[in-house]
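Peer 1: Have a look at this one.
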Amino acid sequence: MNLSWPFRSLRQGGGAKSRLIFALDVASVAEVKKYVALLADEVGLFKVGKQLFLHAGPQVVRQIQDQGGQVFLDLKFHDIPRTMAKAGAEATRLGVRMFNVHASGSLEMMRHTLTEVNKVCRAENLRRPKILAVTVLTSLNKDDLKRTGIVTGVENQVVRLAKLAKEAGMDGVVASPLEIVRIRRECGHNFLLVVPGVRSHGESWDDQKRVLTPEEAMRSGADYLVVGKPIRDAADPRAAARQIAKEIEQGCTPPSGRGVRLFRSGASR
Ligand code: C5P
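Numbered by my numbering, the letters in the sequence shown go through residues 1213 to 1481 in order.
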């Protein structure tokens, strides 16, 4: 059997749970402490978004790290290149493992950020975070784009921005489940796809509109899955995270008698 991928990458990268990102969409540091204590051994990263960051400040990142967790800083930066690059440098100094920028901020903005982050890492001997691009927010539809002068439709714009992000040297993009296959096809294997909007079979979709199961998302080519509510609101969040990790693992197992799909990029790059 061909074990070159994704088995090897899952083993090297800490197993299926390393591909699970828990969205820490909570409003207090007490809740952060509670969930990180519960889940630091069950998930790969904790996603800190605007609400929590503005409530608790950069200290919340250090808090998570002190408790043994790694952070995806989901602030979706968008600014002029110089300002953006300085923000990227500060995210790097905070020690986050991933942060993201809007691809629509321009090729130059993304390139400048990457250059500055690389520079800071060399000068201060820091580990470089993965830099992801946001393409088109899933809350936007064709008409919303049209009103901003973009007439090519959502999917084409997503792909256009994903390719721009790749050209700029970004490590990957945040993608909705329905975008995975096309972005993987257009941007190749060596490009991380971080995917929210996943739900196990039989679970409520909550406010998610485009949903795949964890297994389906991995089979489609996702590298990391972002899950919040189903873990946060579970009676047993650890058990819920373990169940999702199990489904991620299943999604990385070749259907018997068939070859492994070799398109997934390396999460441990
Ligand atoms: O709670 P749930 O599993 O729906 O959380 C998913 C996380 O991913 C949330 O933090 C949400 O803001 C984020 N997200 C999303 N859909 C997108 C982009 C980001 O749900 N298209």
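Glycine residues also receive a C-beta, built at the ideal position from the N, C-alpha and C atoms. All values derive from a computational prediction rather than experimental measurement.
Between the Cα of L1232 and those of L1376, A1434 and K1331, spot the shortest distance and give me the residue it belongs to.
Peer 2: With distances taken between Cα atoms, L1232 lies closest to A1434.
Peer 1: Among G1307, Q1462 and Q1277, which has the Cα closest to the Cα of E1428?
Peer 2: Here the closest residue by C-alpha is Q1462.
Peer 1: Starting from R1314 and walking both ways along the beta strand (DSSP E), at which residues does that stretch end?
Peer 2: Just to set this straight, residue 1314 is His in the shown sequence, not Arg. Start and end: M1310 to H1314.
Peer 1: Rank V1371, V1348, D1383 and T1364 by C-alpha distance to the C-alpha of L1326 and give the top, closest one.
Peer 2: Per the Cα distances, D1383.
Peer 1: Which of the three DSSP states, helix, strand or coil, is assigned to S1216?
Peer 2: Confidence at S1216 is low in this model, with a pLDDT of 37, below 50, so the placement of that residue should be treated as unreliable; the coordinate-derived value is given next. S1216 falls in the coil class under three-state DSSP.
Peer 1: Check whether the Cβ atoms of P1341 and A1387 lie closer than 8 Å to each other.
Peer 2: No; because the gap between Cβ atoms is not below 8 Å, this pair is not in contact.
Peer 1: Flag this pair as touching only if the segment 1283 to 1292 and the segment 1308 to 1328 have three or more C-beta atom pairs under 8 Å; answer yes or no.
Peer 2: At 8 Å Cβ cutoff, the stretches touch.
Peer 1: Take V1438 and list the residues in its own chain whose beta-carbon comes closer than 7 Å to its own, dropping the five residues that flank it on each side.
Peer 2: Answer for V1438: I1233, A1235, K1259, V1406, V1407 and P1408, listed in chain order.
Peer 1: With a threshold of 16 other CB atoms inside 10 Å of the CB of V1272, please say whether the residue is buried or exposed.
Peer 2: V1272 is buried by the Cβ-count criterion.
Peer 1: Within a Cβ cutoff of 6 Å, which residues of the same chain sit near E1346, ignoring the five residues on either side of it in sequence?
Peer 2: Looking at the sequence itself, residue 1346 is Val, so the reference to Glu does not match. Excluding residues within five positions, the ones whose Cβ falls inside 6 Å are K1288, N1312, H1314 and V1386.
Peer 1: How many Å lie between I1343 and L1266 at the Cα?
Peer 2: Each residue's alpha carbon lies about 21 Å from the other.
Peer 1: How is D1435 classed by DSSP in three states: helix, strand or coil?
Peer 2: It is coil, neither helix nor strand.
Peer 1: Below 7 Å, is the gap between the Cβ of D1237 and the nearest heavy atom of ligand 1?
Peer 2: The answer is yes for D1237.
Peer 1: Considering Cα atoms alone, identify which of Q1455, D1448 and C1399 is closest to K1378.
Peer 2: The candidate whose alpha carbon is nearest that of K1378 is C1399.
Peer 1: Sorted by chain position, which residues of the same chain lie with C-beta nearer than 6 Å to V1241's C-beta, five sequence neighbours on each side aside?
Peer 2: Within the same chain, V1241 has close Cβ partners A1268.
Peer 1: Going by DSSP, what residue range makes up the alpha helix (DSSP H) through F1265?
Peer 2: It spans K1262 to A1268 - the alpha helix (DSSP H) in which F1265 sits, taken as one unbroken run.
Peer 1: Less than 7 Å between C-beta atoms, sequence neighbours within five positions excluded: which residues of the same chain meet that for M1430?
Peer 2: Around M1430: I1460, G1463 and C1464.
Peer 1: When the Cα atoms are used, what is the spatial distance from I1292 to S1318?
Peer 2: Going by the C-alpha atoms only, they are around 9 Å apart.
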